[in-house]
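Asker: As you go down the protein sequences, you meet chains W and R in turn.
Numbering-wise, the numbering used here comes out as the position in the first sequence, counting from 1, plus 13.
Numbering-wise, the numbering used here comes out as the position in the second sequence, counting from 1, plus 11.
C-beta: ideal position from N, C-alpha, C; glycine also.
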Amino acid sequence: MTELVFWVFAGLAIVSAFLCVTRRSPVAAALWLILTLFCLAALYVVLDAQFIAALQVLVYAGAIMVLFLFVIMLLNLGRAGPSDLRGWSGRLTALGLGAVLVAELWAVRTVLPAEHVRLPAGAMARLAETQGAVGVITQSLFREYLISFEVTSMLLLAAIVGAVVLAKRKL
Amino acid sequence: MLLGPALAVSAMLFSIGVGGVLLRRNAIVIFMSVELMLNAVNLTFVALAQQLGPQGQVIVFFVMAVAAAEAAVGLAIMLAIYRHRETLDIDEFSLLRG
Numbered sequence: 014m015t016e017l018v019f020w021v022f023a024g025l026a027i028v029s030a031f032l033c034v035t036r037r038s039p040v041a042a043a044l045w046l047i048l049t050l051f052c053l054a055a056l057y058v059v060l061d062a063q064f065i066a067a068l069q070v071l072v073y074a075g076a077i078m079v080l081f082l083f084v085i086m087l088l089n090l091g092r093a094g095p096s097d098l099r100g101w102s103g104r105l106t107a108l109g110l111g112a113v114l115v116a117e118l119w120a121v122r123t124v125l126p127a128e129h130v131r132l133p134a135g136a137m138a139r140l141a142e143t144q145g146a147v148g149v150i151t152q153s154l155f156r157e158y159l160i161s162f163e164v165t166s167m168l169l170l171a172a173i174v175g176a177v178v179l180a181k182r183k184l
Numbered sequence: 012m013l014l015g016p017a018l019a020v021s022a023m024l025f026s027i028g029v030g031g032v033l034l035r036r037n038a039i040v041i042f043m044s045v046e047l048m049l050n051a052v053n054l055t056f057v058a059l060a061q062q063l064g065p066q067g068q069v070i071v072f073f074v075m076a077v078a079a080a081e082a083a084v085g086l087a088i089m090l091a092i093y094r095h096r097e098t099l100d101i102d103e104f105s106l107l108r109g
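Written as structure tokens, this is what we have:
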């Protein structure tokens, strides 16, 4: 059952990702990307990462994609103009390099982590049961990764200031 | 155990993202392809976190924060460029060419 859910959403994610990079209109591309992000959230649930799935929907499919759509609307790019796909040489390059990349990553796919570092099967699900889906992440986020967490807040502040400076006509 | 299939899906999504960057000229669509690649890597992290412990999920959290910052700054740059050039075709942007 879990595997069936996984493959349904995996197939949907790949198809909509493909449509995202081939649709002519940027709005259509953005909407297909949103579908891909939702499917990835479903895959995260299957892979025992419920909190990350919720974040994916809130931050990615919500905030970031709204930002994208907002800019597309602001620049009035909604109507499909002349195709921005590259010519045949560009398409062949993209296809060739993409195929090589798939082959390489496909070869890595079967490599399993070493036996002595691997957790027993179902360990993450049990951890989520005892600590809660949020607790699993926050336990290490606010202990081992506390400094990184604070640095991230500085990064976001810098991004906000940078975005205002760049996008404003006159300061 | 869905580690192998998840890594395969992630490989496909990442390659589609790379193909999108190479294939398109519209800067916003290229940007969306980069987001797709970030998401493919996140899927790898989550799949491996299932076997190696919750640290992988923490890294996904950081990747999302960085992606949000990147989207804000990148889209602001695109607004600024569009205001000057009236286009988002990256073949037109050759300011840094020597």
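Taking DSSP's pairing of strands, which residues face L98/W in a bridge?
Answerer: Note: L98/W sits in a beta bridge opposite R35/R.
Asker: Per DSSP, which residues does D100/R bridge with? Please list them.
Answerer: Per DSSP, N37/R.
Asker: Three-state secondary structure (DSSP) at V57/R?
Answerer: Three-state result, V57/R: helix.
Asker: Alpha carbon to alpha carbon, how far is F19/R from R182/W?
Answerer: Contrary to the premise, residue 19/R reads as Ala rather than Phe in this sequence. So the two alpha carbons sit approximately 45 angstroms from each other.
Asker: In whole angstroms, give me the CA-to-CA distance for V76/W and V69/R.
Answerer: One detail in the question is off: residue 76/W reads as Ala in this sequence, not Val. A76/W and V69/R: Cα-Cα distance of roughly 20 angstroms.
Asker: Taking a Cβ distance cut-off of 7 angstroms, strictly less, list which residues of the segment 25-39 of chain W are near chain R, in chain order.
Answerer: Listed by position along the chain: A26, I27, A30, F31, C33, V34, P39.
Asker: By Cβ distance, which residues of its chain are closer than 6 angstroms to N37/R, with the 5 residues on each side in sequence left out?
Answerer: Same-chain partners within the cutoff: L99.
Asker: Counting C-beta neighbours from all protein chains within 10 Å, is the total for W101/W 16 or more, i.e. buried, or is it exposed?
Answerer: By the neighbour-count rule (16 or more Cβ atoms within 10 Å), W101/W is not buried but exposed.
Asker: Taking C-beta pairs closer than 8 angstroms, name the residues in chain R that M167/W reaches, listed in chain order.
Answerer: Under the 8 angstroms cutoff, chain R gives no residues; its nearest Cβ is about 10 angstroms from M167/W.
Asker: Does any residue of chain R bring its CB to less than 8 angstroms from the CB of V21/W?
Answerer: So no, V21/W is outside the interface.
Asker: In this structure, does DSSP put N50/R in helix, strand or coil?
Answerer: N50/R: helix per DSSP, three-state reduction.
Asker: Just to confirm before moving on: does the CB-CB distance between M48/R and F25/R stay below 8 angstroms?
Answerer: Yes, they are a contact pair.
Asker: Since M89/R meets chain W, which of its residues come closer than 7 angstroms, beta carbon to beta carbon?
Answerer: Those are V84, listed as they occur along chain W.
Asker: My output table needs one value for Y93/R: the three-state DSSP class, helix, strand or coil.
Answerer: Reduced to three states, the DSSP call for Y93/R is helix.
Asker: Looking at the structure shown, is A134/W part of a helix, part of a strand, or coil, going by DSSP?
Answerer: Note: A134/W maps to coil in three-state DSSP.
Asker: Does DSSP classify P39/W as helix, strand or coil?
Answerer: Looking at P39/W - three-state DSSP - the assignment turns out to be helix.
Asker: Could you name the residues of the segment 31-44 of chain R whose beta carbon sits closer than 9 angstroms to any beta carbon of chain W, in the order they occur along the chain?
Answerer: Per Cβ criterion, the list reads G31, V32, L33, L34, R35, R36, N37, I39, V40, F42, M43, S44.
Asker: Quick one: does R99/W have its CB under 8 angstroms from some CB of chain R?
Answerer: For R99/W, the answer is yes, since a Cβ of chain R falls inside 8 angstroms of its Cβ.
Asker: Report the neighbours of S161/W on chain R: residues whose CB is nearer than 8 angstroms to its CB, in chain order.
Answerer: Within 8 angstroms Cβ-Cβ: F73.
Asker: In chain order, what residues of the same chain have a beta carbon less than 7 angstroms from the beta carbon of Q62/R, not counting five sequence neighbours either side?
Answerer: For Q62/R, where only same-chain residues beyond five positions count, the Cβ hits under 7 angstroms are L14.
Asker: Which whole-angstrom value describes the C-beta separation of L60/W and V71/R, a residue pair presumed to lie in contact below a C-beta threshold of 8 angstroms?
Answerer: No, L60/W and V71/R are not in contact; Cβ-Cβ is about 11 angstroms, not under 8 angstroms.
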